[in-house]
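S.K.: Quick note on the working numbering: the sequence shown kicks off at 1177 and runs consecutively. In this text, a Cβ means the ideal position worked out from N, Cα and C, and glycines have one as well. Just so it is clear, the structure is predicted and the values come from calculations on it, not from any experiment.
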Amino acid sequence: MPKSNVSASVIRRLPRYYRFLRELADAGVERISSGDLARRMGLTASQIRQDLNCFGGFGQQGYGYNVRSLHEEVGHILGLGKHRKAILIGAGNLGRAIAQHMDFTSRGFELVGIFDANPELIGREIAGVPVQNIQALYDFCSRKVPTVAILCIPKEAAMKLARELVGMGIKGFWNFSHYDLALDFKGIVVENVHLGDSLSILCYHLGEMERNQP
Ligand code: NAI
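(1) To the nearest whole angstrom, what separates the beta carbons of residue 1327 and residue 1372, a pair I think is in contact under 8 Å?
(2) For residue 1250, tell me which candidate among 1189, 1382, 1260 has the shortest Cα-Cα distance.
(3) Based on the DSSP secondary-structure assignment, which residues constitute the bridge partners of residue 1207?
(4) Measure how close the beta-carbons of residue 1349 and residue 1325 come, nearest whole angstrom, since I'm counting them as under 8 Å.
(5) Can you tell me where the alpha helix (DSSP H) with residue 1319 in it begins and where it stops?
(6) Ordered along the chain, which non-local residues of its own chain (more than five positions away) have a Cβ less than 7 Å from that of residue 1221?
(7) Does the ligand NAI have a heavy atom nearer than 8 Å to the CB of residue 1277?
(8) So which of 1295, 1302, 1341 has the shortest CA-CA distance to residue 1317?
(9) Just the C-alpha distance for residue 1245 and residue 1255, rounded to the nearest angstrom, thanks.
(10) Tell me whether residue 1376 is buried or exposed, calling it buried when 16 or more other Cβ atoms sit within 10 Å of its Cβ.
(11) Are the CB atoms of residue 1347 and residue 1365 nearer to each other than 9 Å?
(12) Assign residue 1275 to buried or exposed, taking buried as 16 or more other Cβ atoms, counted over all protein chains shown, within 10 Å of its Cβ.
(13) Alpha carbon to alpha carbon, how far is residue 1332 from residue 1355? Give it in angstroms, no decimals.
(14) Is DSSP giving residue 1292 helix, strand or coil here?
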């Protein structure tokens, strides 16, 4: 059982553990020490032990970690086996790229519907899922009961739609719009993704490196 107060930074590292362990398992590695895993991941051995101790440990003194079972455990902690139903709103450039390139199934989700307000897009298929008119959203949610919405629409549209989506039973948002949902909705899980923020952080680190160069 995970401790109830696992920090956000530990949770943020879990998908990386999952990915590295998958690669190790695929390469035929059966067991690995925390030191070796740390070197490969650019972490410290004690950080890895501390992170995994939040969920019960999993390693054995003198043996290290069994790669396959740790991979399974991390997947289990992340809840990847669940297949939660997700809908994507906004079938523009970003929405299309996400629908086409994201492997939802391996991450615990099933993309069951795509919606847009542009009549020209209605009826087109993206990744085998037809784009439906946003006006069909209520009826669709009543029948299919999705619990996750992926927002790839402009800020103003997201501000209007988010409350309706919560009313339709959406419990979690993967939010690419530039509207900070988490501030307005309590009891709803929000994962905001801002590629621009990530680029700004790169900019900061480049500046820092330049300042520190002799
Ligand atoms: P886009 O203009 O290609 O697509 C937006 C789509 O949303 C259009 O198909 C439009 O018809 C649809 N739409 C607008 N209002 C709607 C509504 N009420 N209901 C249903 N569909 C609606 O734009 P793009 O490039 O796909 O970007 C989408 C949004 O994501 C933009 O607001 C942009 O600022 C944001 N964005 C965020 C990024 C991030 O890192 N978080 C990166 C890139 C874009």
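M.R.: Based on what the coordinates show:
(1) As a working note, residue 1327 is residue 151 in the sequence shown. As a working note, residue 1372 is residue 196 in the sequence shown. Taking a contact as a CB-CB distance under 8 Å, the pair residue 1327 and residue 1372 does not count as one, their CB atoms being some 16 Å apart.
(2) Translated into positions along the sequence shown, residue 1250 becomes position 74. Nearest option by C-alpha distance: 1189.
(3) Taking the first residue of the sequence shown as 1, we reach residue 1207 at position 31. DSSP lists 1242 as partners of residue 1207.
(4) As a position in the sequence shown, residue 1349 is number 173, starting the count at 1. As a position in the sequence shown, residue 1325 is number 149, starting the count at 1. So it is a contact: roughly 5 Å between Cβ atoms.
(5) As a first step, residue 1319 must be located in the sequence shown, where it is residue number 143. Element bounds for residue 1319: 1313-1320.
(6) Position 45 of the sequence shown, counted from the start, is the residue given in the question as residue 1221. So the qualifying residues of the chain are 1210, 1211, 1214.
(7) For this step, residue 1277 is matched to residue 101 along the sequence shown. Every heavy atom of the ligand NAI is 8 Å or more from the Cβ of residue 1277, so no.
(8) Numbered from 1 along the sequence shown, position 141 holds the residue referred to as residue 1317. If we check each option's Cα against that of residue 1317, 1341 comes out closest.
(9) As a working note, residue 1245 is residue 69 in the sequence shown. As a working note, residue 1255 is residue 79 in the sequence shown. Distance between the alpha carbons of residue 1245 and residue 1255: 15 Å.
(10) For the purposes of this step, residue 1376 is identified with residue 200 of the sequence shown, where counting begins at 1. Around the beta carbon of residue 1376, fewer than 16 other beta carbons lie within 10 angstroms, which makes this residue exposed.
(11) By one-based count along the sequence shown, residue 1347 stands at place 171. By one-based count along the sequence shown, residue 1365 stands at place 189. Going by C-beta atoms, residue 1347 is nearer than 9 Å to residue 1365.
(12) The residue labelled residue 1275 in the question sits at position 99 within the sequence shown. It counts as buried.
(13) The count along the sequence shown starts at 1 and reaches residue 1355 at position 179. The count along the sequence shown starts at 1 and reaches residue 1332 at position 156. In a straight line, the C-alpha of residue 1355 is about 8 Å away from that of residue 1332.
(14) As a working mapping, residue 1292 is identified with position 116 in the sequence shown. Here residue 1292 sits in strand by DSSP.
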